Every structure is written in C-alpha cells, then in structure tokens.
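So the sequence shown is numbered by numbering that gives the first Met the number 0: it starts at 0 and just counts up by one.
Every residue, glycine too, gets a C-beta built ideally from N, C-alpha and C.
These figures come from a predicted structure and were not determined experimentally.
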Amino acid sequence: MNRDTLRLDKWFWYARFIKSRSLATKLCNSGKVRVNGSLIKKAHQSVAPGDVLTFPVGPNIRVIKIIKLGNRRGPAKEAQALYEDLQPIDQIAKKIVSTLAPEPAKREPGSGRPTKVQRRAIERFMGWLKGK
Numbered sequence: 000m001n002r003d004t005l006r007l008d009k010w011f012w013y014a015r016f017i018k019s020r021s022l023a024t025k026l027c028n029s030g031k032v033r034v035n036g037s038l039i040k041k042a043h044q045s046v047a048p049g050d051v052l053t054f055p056v057g058p059n060i061r062v063i064k065i066i067k068l069g070n071r072r073g074p075a076k077e078a079q080a081l082y083e084d085l086q087p088i089d090q091i092a093k094k095i096v097s098t099l100a101p102e103p104a105k106r107e108p109g110s111g112r113p114t115k116v117q118r119r120a121i122e123r124f125m126g127w128l129k130g131k
C-alpha cells in the first residue's frame, strides 16, 4: 500500500466517525458508502487526500472531503483536522429538527380539566376511542 493512501475502514476509525474498527468494516462492506460518487463494497478500498466520501451516520447522510490521512486514532481535535465537512451545518440542523417529535397540543393554563365531552373528543382525535 502506498504511503499516500489508507484503507477506508481505518480512515473512518481514525476520523472518529465510527466507534470501532469492526463497525467501520461493517459499514464499508454494507455497500452504503460512496467514494467520489462510486459505491464501495469492500473495507480495503484505498482512499487518499482529496477524495469525497458520502455515507450514512444514524439518520443523517454525511458528505465529507478527506484532507489528511492520519496515522492514529487521536483526540477529537486531531480527528476533525482529517476532513472538511461539505454539507452545511444548517442542513444538518434542519434534518435533526424535522426528525424530532412535534410538541403535544397544550391547553390554556387555568382552563381546568377537560369535560367528559372534551375528553371523548380528544380520545377520538387520538384514535383511542372507536365510535361516533
């Protein structure tokens, strides 16, 4: 292997995107990772500085550009120096907000407990009560 390339699974682990090397290997072998737009199905794929990676991390899709390869799994600051995030942070924040559950409907303070009719209307709306 050249000194200017590194295995993809090792790079994921060095850059702290994946918690363990075996999980990084599983991600690479899953066929969900793209290097410069082409699907990768093997963890031994070599990557070099300048390559663009697209891969899922939880519910998000990350798009990053490799800046350096690194030679160890160091602290977070060192890991962040290995790549440049090509996806704007506001897009990531919008995706996170959209995946959160909406706030439940709130009653006005001081209006007291719902009456029997109001309670049944709420139950019908929520799908808990079958009928009228």
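Quiz prompt | Sequence-distant residues of the same chain with beta carbon closer than 7 Å to K67, five excluded per side | solution = P48, A80, L81
Exercise. Determine, using beta carbons only, whether T4 and S37 come nearer to each other than 7 Å.
Key: no
Quiz item: With distances taken from CA atoms, which of D8, R2, R33 is nearest T24?
Solution: D8
Quiz item: Can the beta-carbon of A75 be found less than 7 Å from the beta-carbon of A14?
Solution: no
Quiz item: Cα separation between R20 and K94?
Solution: 27 Å
Quiz prompt | Bounding residues of the alpha helix (DSSP H) (the contiguous stretch that carries L38) | solution = Premise fails: L38 lies in the beta strand (DSSP E), 37–39, not in any alpha helix (DSSP H).
Quiz item: Measuring CA to CA, which of I17, E122, G57, K105 is closest to R153?
Solution: No statement about residue 153 is possible, as the shown extent of the chain runs from 0 to 131 and does not include it.
Quiz item: So the beta strand (DSSP E) R33 belongs to, where does it begin and stop?
Solution: 32–34
Practice problem: Please report how far the alpha carbon of G30 lies from the alpha carbon of L99, in whole angstroms. | Solution: 28 Å
Exercise. Output yes or no for whether 7 Å exceeds the beta carbon distance between N35 and V56.
Key: no
Quiz item: If you count every other CB in all the chains shown that lies within 10 Å of the CB of F124, and 16 or more means buried, which is it?
Solution: exposed
Practice problem: Reducing DSSP to helix, strand and coil, say where I65 ends up. | Solution: strand
Quiz item: Residue range of the alpha helix (DSSP H) that F11 falls in?
Solution: 7–13
Practice problem: May I ask which residues mark the beginning and end of the beta strand (DSSP E) holding L52? | Solution: 51–56
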